[in-house]
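Engineer: Residue numbers (my numbering): 1 to 360. Even glycine gets a Cβ: it sits at the ideal position worked out from N, Cα and C. Quantities reported herein were computed from a predicted structural model and do not represent experimental measurements.
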Amino acid sequence: MSLKSPSFTSQVNRRGFLAGALGLGALGMTGVLTSCGSEASGSAGGSASGGAAANPFTYLSYLPMETLSVAPELLADAGGHFENHGLKVTFQSTKGSPQAIQTLIAGVGPLTRVGAIDLMTAAADGQPLVNVGTIVRGSSIRTLYSTASPLEKPEDFIGKTIGVPSEGGTSDKSLSLMLHKAGLNPDDVPRQVVGLGPGTFELVKRGDIAGYMVSIDQSIITQRQFPNEALAFDAGDAVRADSQIYTATTQTLQEHGDEIKAYMAAIHDAVQEFVDDESFENTIATMRSKYSFGSLDEDEVAKESLRQARDLWTASGTQPLLTSDEGYWVEGYTELVDAGMIQDGSDPAAWLDNSYLPTA
């Protein structure tokens, strides 16, 4: 399926949300997992008192749970952090960030994680979305390419077809924004929806596409499977809007504010555990006690994936966990306005609320 590169208008509109809300039964969620924990122990951050039943909580993941991109969730579950904060969490996977936002708006769950690009384009279109915490500071997306046709800088992308997981999703938008910030026309880079497995690299080898966008752990796996052939382009932190944030709606904050605080406290504890576990030996063992998939099961892949992720979670140790920097946030908004992806005139600070994070 070939795509035109996205025109710089919001691809999330009220009609789309209404259609999504009415058709949720037909959307086909990709999976549901329920975390352990039937009894909660007393702790801060919205936890239940000792011995009280855990509160059910549905988290909408725009990614499948079989990736280390969601390592904070996996450790919070397997390591008992959700339970410690009084939650019994169900992970409900959606097919990309557009559907995650649709299901959030429809009330299927009170919280999701999407790109800052996704929240801002939707909020500028009038959707009641709020950033309650930044988990990834910088690009967590890698573009795999062949050494025979390098993609080492933005200029190398011009005139070449790039594979993306979904039309109008985070990867698609972040590619456009990266190109625009480099002074290039995103319309000069065609997109094609492709799968995310290692086998997709065969499309690159055949010349069907020049590269494709994947998660950190998938990029590491593919480079190991195709040594001396596959390399990855990292956009780094040049694009401020290319970050990952926990997202709620004004309604879910009103109705589930305490549970959202508890969830964020559990994620904070899990990320802190990754920070403290320099070698990742203990945290990997904990996740493996409940989960098993390719990138987690291979020691070298897991450790390198988590090392890169930890740098993004902490901004290489320079930022407090999960706290959204308002200046950085506003810079991201300005990038989107300058690129024509959203119209100016909104107050991006109104879309940010750090008060649901645990205090020191």
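On the CB-based measure, 16 or more other CB atoms within 10 Å of its CB, does residue 236 come out buried or exposed?
Structural biologist: On the sequence shown, residue 236 is found 236 positions in, with the first residue counted as 1. It counts as exposed.
Engineer: Quick one: give me the first and last residue of the alpha helix (DSSP H) that residue 103 is part of.
Structural biologist: What you label residue 103 is simply residue 103 of the sequence shown in a count that begins at 1. Per DSSP, residue 103 belongs to the alpha helix (DSSP H) from 97-105.
Engineer: Are the region 84-100 and the region 302-309 touching, with three or more C-beta to C-beta distances below 8 Å?
Structural biologist: With a cut-off of 8 Å, the region 302-309 and the region 84-100 do not count as touching, because too few Cβ pairs lie within range.
Engineer: Give me the Cα-Cα distance between residue 127 and residue 285, rounded to the nearest whole angstrom.
Structural biologist: Translated into the one-based positions of the sequence shown, residue 127 becomes position 127. Translated into the one-based positions of the sequence shown, residue 285 becomes position 285. Using only the alpha carbons, I get a separation of about 40 Å.
Engineer: I'd like to confirm the pairing. Which residues does DSSP put opposite residue 233 in its beta bridges?
Structural biologist: To locate residue 233, count along the sequence shown from 1; it is residue 233. Its beta-bridge partners are 143.
Engineer: Are three or more beta carbon pairs between the region 146-165 and the region 185-193 nearer than 8 Å?
Structural biologist: In short, these stretches touch, since the Cβ pair count reaches three.
Engineer: Which term fits residue 102, buried or exposed, when burial requires 16 or more other beta carbons within 10 angstroms of its beta carbon?
Structural biologist: On the sequence shown, position 102 is the one that residue 102 refers to. Label assigned to residue 102: buried.
Engineer: Give the single residue among 113, 64, 332 whose Cα lies nearest to the Cα of residue 241.
Structural biologist: Residue 241 sits at position 241 when you count from the first residue of the sequence shown. Residue 332 is the option with its Cα nearest to residue 241.
Engineer: Return the CA-CA distance between residue 178 and residue 233, expressed in angstroms with no decimal places.
Structural biologist: Sequence index remark: in the sequence shown, residue 178 carries index 178 (1-based). Sequence index remark: in the sequence shown, residue 233 carries index 233 (1-based). Each residue's Cα considered, the two are about 12 Å apart.
Engineer: Look up residue 56 in the DSSP assignment and give the residues it is bridged to.
Structural biologist: For the purposes of this step, residue 56 is taken as the residue at position 56 of the sequence shown. Answer is 88, bridged to residue 56.
Engineer: Any beta carbon of chain D sitting closer than 8 Å to that of residue 232?
Structural biologist: Reference to chain D is not applicable here, since this structure consists of a single protein chain.
Engineer: Suppose only complete runs of 4+ residues qualify. What are the alpha helix (DSSP H) ranges in the region 268-313, listed by chain order?
Structural biologist: 281-288, 294-297, all fully within the region 268-313.
Engineer: Leaving out the 5 sequence neighbours to the left and right, which residues in its chain are closer than 8 Å to residue 323 when beta-carbon positions are compared?
Structural biologist: Within the sequence shown, the letter at position 323 stands for residue 323. Here the set comprises 133, 134, 354, 357.
Engineer: Entirely within the region 183-245 and at least 4 residues each: give me those alpha helix (DSSP H) ranges in chain order.
Structural biologist: Complete alpha helix (DSSP H) runs here, min 4: 201-206, 216-225.
Engineer: Apart from the five residues on each side of it in sequence, which residues of its chain come closer than 6 Å, Cβ to Cβ, to residue 376?
Structural biologist: Since the first residue shown for the chain is 1 and the last is 360, residue 376 is missing from the structure and cannot be characterised.
Engineer: So what's residue 315 in DSSP terms, helix, strand or just coil?
Structural biologist: Along the sequence shown, one-based indexing puts residue 315 at 315. The answer is coil: DSSP assigns residue 315 none of H, G, I, E or B.
Engineer: Output the boundary residues of the beta strand (DSSP E) element that contains residue 162.
Structural biologist: On the sequence shown, position 162 is the one that residue 162 refers to. That run of the beta strand (DSSP E) goes 162-164.
Engineer: Should residue 219 go down as buried or exposed, given a rule of 16 or more other Cβ atoms within 10 Å for buried?
Structural biologist: Along the sequence shown, read from residue 1 onward, the residue named residue 219 stands at position 219. Residue 219 comes out buried.
Engineer: Just to confirm my understanding: we take residue 350, look at its own chain, exclude 5 residues before and 5 after, and list those with CB closer than 6 Å. What are they?
Structural biologist: Working through the sequence shown from its first residue, we reach residue 350 at position 350. Closer than 6 Å at Cβ, skipping near neighbours: no residue.
Engineer: So, using beta-carbon positions, are residue 129 and residue 210 closer together than 8 Å?
Structural biologist: Residue mapping note: residue 129 aligns to position 129 of the sequence shown, counting from 1. Residue mapping note: residue 210 aligns to position 210 of the sequence shown, counting from 1. Cβ distance not < 8 Å, so residue 129 and residue 210 don't count as in contact.
Engineer: How many Å lie between residue 288 and residue 296 at the Cα?
Structural biologist: Position 288 of the sequence shown, counted from the first residue, corresponds to residue 288. Position 296 of the sequence shown, counted from the first residue, corresponds to residue 296. Rounded to the nearest angstrom, the two C-alpha atoms are 7 Å apart.
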